[in-house]
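Q: Residue numbers (my numbering): 438 to 598. To start, I am sharing the structure in question, which I have written as C-alpha cells.
See the structure below:
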C-alpha cells in the first residue's frame, strides 16, 4: 500500500502540470482569437462603408470600325490593321463621340500612321498605344468643350504585315 500511496502522491503534480499546459494553451488560443477579431473587425468596418454607396454603373462601350494604315518604313512596306472598342463614362459620351466620329477617326489614323512596326509589336508597345489613343480621344472636340470621358481602349483585332 505504501507503493500505491507513493504513486498517488506523484500523480497529482503531473496532473497539475498537464492542467497548467491546457489552461495556457486555452489562453493563447483565446488571445489569438481576440487579436484576430480586433484587427479583422476594424478593417471590415472600413471596407463596408464604401460598399454602402451607390452601386457601380455598368461600363459603356463603343465599337470602332477597323483602321488600316501604312506604318512608317523600317524593313519594307508594312501596314497595320486594327480594330478596337472604346470604354466611355456614360451614354452622353457615346453620343458626343458619334457626333464627332470623323474627327475621332482622323486623330486615330494620324497617330497609327506615325508608328513603326517595332514600336507596336510588343505588349508594352500595344499598352503604350492604348494610352496614347485614350489621351488623343479625350482631347476636347471644340475649343470651349470639355474633355471626353474615355476610360479605356480594348483591341479586338491587331494585325501587322
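Beta carbons are placed, not taken as given, at the ideal position from N, Cα and C, and that holds for glycine.
Could you check where the alpha helix (DSSP H) with residue 554 kicks off and where it finishes?
A: From DSSP, the alpha helix (DSSP H) with residue 554 extends over 554-557.
Q: So who's on the other strand from residue 589, going by DSSP bridges?
A: Paired residues: 524.
Q: Residue 493 lies in the alpha helix (DSSP H); which residues open and close that run?
A: No alpha helix (DSSP H) contains residue 493, which DSSP labels as neither H nor E.
Q: Start and end of the beta strand (DSSP E) containing residue 604?
A: Shown here, the chain extends from 438 to 598; a query on residue 604 therefore has no answer.
Q: Three-state secondary structure (DSSP) at residue 595?
A: Residue 595: strand per DSSP, three-state reduction.
Q: Specify the secondary structure class of residue 508 as computed by DSSP and reduced to three states.
A: Correct three-state label for residue 508: coil.
Q: Expressed to the nearest angstrom, what Euclidean distance is found between the alpha-carbon atoms of residue 558 and residue 517?
A: If I take the Cα positions, the gap works out to 10 Å.
Q: Roughly how many angstroms lie between the CA atoms of residue 453 and residue 477, to the nearest whole one?
A: Cα to Cα, residue 453 sits roughly 36 Å from residue 477.
Q: Taking the alpha-carbon positions, what's the residue 470 to residue 455 distance?
A: Distance between the alpha carbons of residue 470 and residue 455: 23 Å.
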